[in-house]
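> Pasting in a structure now, in structure tokens, and then I'll have a few things to ask.
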Amino acid sequence: MVMEAAKLGIPSLGIEINPFLYLLSLLKVKFCSSKAKFEWGNFWGKDLGQADIITIYLPITSKRLETKLKKELKRGSLVLTYQTGFPNWKPTNITKSSIFTYQL
Ligand SMILES: C[S@@+](CC[C@H](N)C(=O)[O-])C[C@H]1O[C@@H](n2cnc3c(N)ncnc32)[C@H](O)[C@@H]1O
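Residues in the sequence shown are numbered consecutively from 38, following the numbering used here.
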């Protein structure tokens with residue numbers, strides 16, 4: 038999603054904790070001449086407040102993550118998750134391919 042967004046000209050940053058996958062992302066960026074950026078790290082320690090759109094692909098989306106996003110993101114920001122919805126939030130849309138959209 039990060040690289041697809043970059044293709045549309047949207048400044049995009051991916052955060053990946055696994056060093057192997059992080060390096061793979063850098064290779065993909067180079068190979069595709071993408072403008073996407075990737076950081077190696079733990080998103081729990083990052084302030085996500087600069088983002089207008091957050092895309093999440095995690096096996097579990099928790100109440101703790103809802104709290105972090107609600108605290109840091111601007112009102113009107115979009116949060117998209119793939120395959121797993123949030124436990125308490127009501128999505129504004131769910132696609133057939135299981136992309137859940139939430140507007141804060
Ligand atoms: C379902 S996989 C998605 C893999 C890949 N990013 C993609 O979009 O196809 C979830 C990824 O989230 C990463 N991850 C899990 N917890 C994280 C955290 N706290 N900070 C950054 N990345 C994390 C895992 O290392 C794993 O690569």
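Using N, Cα and C, we set each Cβ at its ideal position, and we do this for glycine too.
(1) Have a look at F57, Y94, I131 and L106 and flag the residue whose alpha-carbon is nearest the alpha-carbon of G82.
(2) At a threshold of 7 Å, does W126 count as lining ligand 1 (C-beta to nearest heavy atom)?
(3) Would L141 be called buried (16 or more neighbouring beta carbons within 10 Å of its own) or exposed?
(4) Only counting the same chain, and skipping five residues up and downstream in sequence, which positions put a Cβ closer than 7 Å to that of E76?
(5) With a threshold of 16 other CB atoms inside 10 Å of the CB of L60, please say whether the residue is buried or exposed.
Per the coordinate set shown:
(1) As a first step, residue 82 is located in the sequence shown; it is residue number 45 there, counting from the start. Nearest in C-alpha terms to G82, of all of F57, Y94, I131 and L106, is L106.
(2) For the purposes of this step, residue 126 is identified with residue 89 of the sequence shown, where counting begins at 1. No.
(3) Looking up residue 141 in the sequence shown gives position 104. Label assigned to L141: exposed.
(4) On the sequence shown, residue 76 is found 39 positions in, with the first residue counted as 1. If we look at E76 and ignore the five residues flanking it on each side, its Cβ neighbours are L50 and I52.
(5) To locate residue 60, count along the sequence shown from 1; it is residue 23. Answer is exposed; the Cβ neighbour count stays below 16.
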